[in-house]
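A.B. asks: In terms of the numbering used here, the sequence shown has 108 at position 108, counting the first letter as 1, and numbering is strictly consecutive. Let me give you the structure first, and then I'll get to my questions.
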Amino acid sequence: MFHRYSRIATPSAPPSQADLSIAEKAIGELPEDHDLRWRLAKLKAEHEDWWGAADGHRRVAESAVDPMIAGDSMICLSGLEHMDRLRWLLRAAAHTPWRREPWYELGRYFYERSEWALSLGHFQRALAITK
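Shown next as structure tokens:
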């Protein structure tokens, strides 16, 4: 979807405080635009507003129609809400089983805990996805 807020938090336009203000205004005008809400949550994380980022990603994860955006928000939440990291990664894998990212992140999660069999299984599942 392309609209006047499309340049917010894209690689060609590094985020600034002005982008954050523009994105917050845009959410007021387009409250159901989950892509825009996802971008705003990413901007808040880049500006180290961890509570705002987690709240934005939680809203997207719970209400986005596009499973890719919801899955990305769940993966982001796994990094923001450490106590619920496993829960968010499992939800992301269940929500988007055809993507490598949730399986890779699950592999990393179990690797960090020295649970080698679980880690290997999730890494192999990620590598088996070729599209």
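Note that beta-carbon positions come from the ideal geometry of N, C-alpha and C, so glycine has one too. Computed from a predicted structure; not experimentally measured.
Taking only three categories from DSSP, how would you classify V65?
C.D. replies: Counted from its first residue, the sequence shown places residue 65 at position 65. In this structure, V65 counts as coil in the three-state DSSP scheme.
A.B. asks: From which residue to which residue does the alpha helix (DSSP H) around A102 run?
C.D. replies: On the sequence shown, residue 102 is found 102 positions in, with the first residue counted as 1. The amino acid at residue 102 is misidentified as Ala; the sequence shows Pro. Note, P102: alpha helix (DSSP H), 100-112.
A.B. asks: What is the residue span of the alpha helix (DSSP H) that H47 lies within?
C.D. replies: Along the sequence shown, one-based indexing puts residue 47 at 47. Note, H47: premise wrong, no alpha helix (DSSP H); not H, not E.
A.B. asks: Hey, how far is the Cα of M68 from the Cα of T96?
C.D. replies: As a position in the sequence shown, residue 68 is number 68, starting the count at 1. As a position in the sequence shown, residue 96 is number 96, starting the count at 1. Roughly 7 angstroms between the two C-alpha positions.
A.B. asks: Please classify L36 as buried or exposed, where buried requires at least 16 other C-beta atoms within 10 Å of its C-beta.
C.D. replies: For this step, residue 36 is matched to residue 36 along the sequence shown. Under this definition L36 is a buried residue.
A.B. asks: Just verifying my parser: in three-state terms, what is the DSSP assignment at K42?
C.D. replies: Locating residue 42 in the sequence shown gives position 42, counting from the first residue. Helix at K42.
A.B. asks: Use the C-beta contact count for A9: other C-beta atoms within 10 angstroms, 16 or more gives buried, fewer gives exposed.
C.D. replies: As a position in the sequence shown, residue 9 is number 9, starting the count at 1. Its pLDDT being 46, under 50, A9 is placed unreliably in this model, and the value from its coordinates should be taken loosely. Buried, since its Cβ has 16 or more Cβ neighbours within 10 Å.
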